[in-house]
Structures are given as C-alpha cells and as structure tokens.
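Data first, discussion second: the structure below is written as structure tokens.
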Amino acid sequence: MKGLDYLLPKPVTVIPKPGGLRITPAFTVGIEGFQGRRIISSASRFLNRLAEKTGLFLNNNKLVTEPKIEEISLAINCQRHGELILNEDESYTIEVNDHQAVLIALTDLGVLRGLETILQLVTPDQDGYYLPAVQIRDYPRFPWRGLMIDCARHFQPLEVIKRNL
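For the sequence shown, my numbering begins at 465 and goes up steadily by one.
Listed below in structure tokens is the structure:
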C-alpha cells in the first residue's frame, strides 16, 4: 500500500492513512446534492463493477438517493451537472476511513473520475476486500483530454504534426 503508486492517472495528492473500509454485501452508495441521470447511472455502474471485482452480491438496491449519512458506505456529494467543454471543473476529493468513504466533486464529471479511482483502490486480503484509508485530491493537469496522431491510417505531413504539438 505504500504510496498507492498504482493509481492511474496519478492523482495530484495521495495521503495514505492507517486502516481501511471493509467491503461487505451491506456496502451502499448514497448520493447527496445534484442527482442527474449521468451521476445515477455512473453510481449504478460502479456498484456492478465493484460486485464483479469482489464477487459480492451488490445490486442497485444498494444505491440510495435520500441517504441517512451514517448508513452509507460511500457518500457521493455533487453540486451540479458538468459540461464536456474546455476548462470544466473535473476535480474531486476522496476520503476513506474505517467507517465510510466520501467522494466530493463540484460536477458529475468529477464524480465519474473519482469513482474510477475508488475502483482502483479496491484491495484484496485474507478477509475479503477493502478500501485502504486514504485522502486523495485530483484534477486534470491539462485543459484538454489528449491527442492521437495515427499516421499509419491517415498520413500527416511533419509540419502539420509539429503545428498540432
């Protein structure tokens, strides 16, 4: 667990803490604040992928949109819908302790990124699976998502490639 260097993309800050949150069949996800279609479907998909990864039976009944915070294993707090535009806020923070994991993001895009990070945190041990206690803060390092240059299928002159870079 030292450093949690296996997380990709590497978060801006990762602070490991002692302990962890055990993943059991009672694991529930609660959504507070903004509850748009994208965030509901991503939380549902998260539960399905967590069930596949752990072998536990976690159905969508474990997704709560009116949570009592003390009964929730993963609390998601989102303020608004995010647009897929340049410089949109995709930041998130994750806090995991022995009792609960909390994912906070301004937009649902940040929630999507945070849920992927939480899935990467799932760790097996002799007693089953758990999320290590950690504090994570992350945001995109660049305002764009990426650039793919495929000269094998579509020739591009060197000047065009240099201009794009």
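All C-beta atoms, glycine included, are put in the ideal place defined by N, C-alpha and C.
This one's a predicted model, so the numbers in the text were calculated from it and none came from an experiment.
By a beta-carbon distance limit of 8 Å, isoleucine 487 contacts tyrosine 593. Their separation comes to about 4 Å. In the three-state DSSP reduction, threonine 477 falls in the strand class (E or B). In this structure the region 552 to 570 does not touch the region 513 to 520; the number of beta carbon pairs closer than 8 Å is below three. Secondary structure in the region 470 to 543: the alpha helix (DSSP H) runs of 4 residues or longer, each lying completely within the stretch, are 501 to 518 in chain order.
Here DSSP, grouped into helix, strand and coil, assigns glutamate 559 to strand.
Boundaries of the beta strand (DSSP E) around isoleucine 600: 592 to 602.
When secondary structure is reduced to three states using DSSP, isoleucine 582 falls in the helix class.
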